Amino acid sequence: MIFVYVTYPSEQDAAKISKALLEDRLVACANIFPAHRSLYWWEGVIQDETEVAVIYKTRRELFEPVEKAIKSKHSYDVPCIVSLPVEKAQQDFVSWMREQVRT
């Protein structure tokens with residue numbers, strides 16, 4: 376099991392792509408967090424923008440298909456798509472998650 380952390384420019388974008396990932400059974404769950412302030416470098420200038428973060432729960436072996444699906448729909452040229460390992464998790468939740476996504 377892994378978490379996949381992704382940022383989006385709006386809650387609408389986050390929800391749209393999250394629903395597509397769920398419908399394709401690439402993720403079992405998407406937690407969309409409220410808008411937050413992000414500061415970052417882009418093309419030599421520090422940007423100060425509002426973004427929305429999402430944490431997806433999925434199987435480790437589905438990271439590449441998840442990444443590909445997000446990149447194909449995301450509006451950013453270089454979206455943040457980061458896999459976070461899960462060291463320990465409640466086993467009933469892990470079993471549920473594994474049943475929800477494709478094998």
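Okay, so the sequence shown: first residue is 376 according to my numbering, each after it adds one.
Every residue gets a Cβ at the ideal spot worked out from N, C-alpha and C, and that includes glycine.
Remember, it's a predicted structure, so these values are computed and weren't measured experimentally.
Best match in the options for proximity to residue i [C-alpha to C-alpha]
i, options, result
"L414", "P440, E424 and A405", "E424"
"T382", "D452, P460, V469 and A464", "D452"
"L437", "P409, F468 and P460", "P460"
Beta-carbon proximity of residue i to residue j, cut-off 8 Å
i, j, result
"R473", "R400", "no"
"H411", "E426", "yes"
"A395", "V429", "no"
"P384", "S447", "no"
Cβ-based neighbour list, residue i, same chain, cut-off 6 Å, excluding 5 preceding and 5 following
i, result
"I456", "V381, E442 and I445"
"Y431", "V379, V402 and A405"
Spatial distance of residue i from residue j (CA atoms)
i, j, result
"S458", "R434", "11 Å"
"E386", "Q465", "29 Å"
"G419", "P454", "17 Å"
"D467", "Q475", "13 Å"
"W471", "E462", "17 Å"
Cβ-based neighbour list, residue i, same chain, cut-off 7 Å, excluding 5 preceding and 5 following
i, result
"S393", "A405, I407 and V429"
"I421", "L414"
"P440", "L401"
Cβ-based neighbour list, residue i, same chain, cut-off 8 Å, excluding 5 preceding and 5 following
i, result
"V469", "M376"
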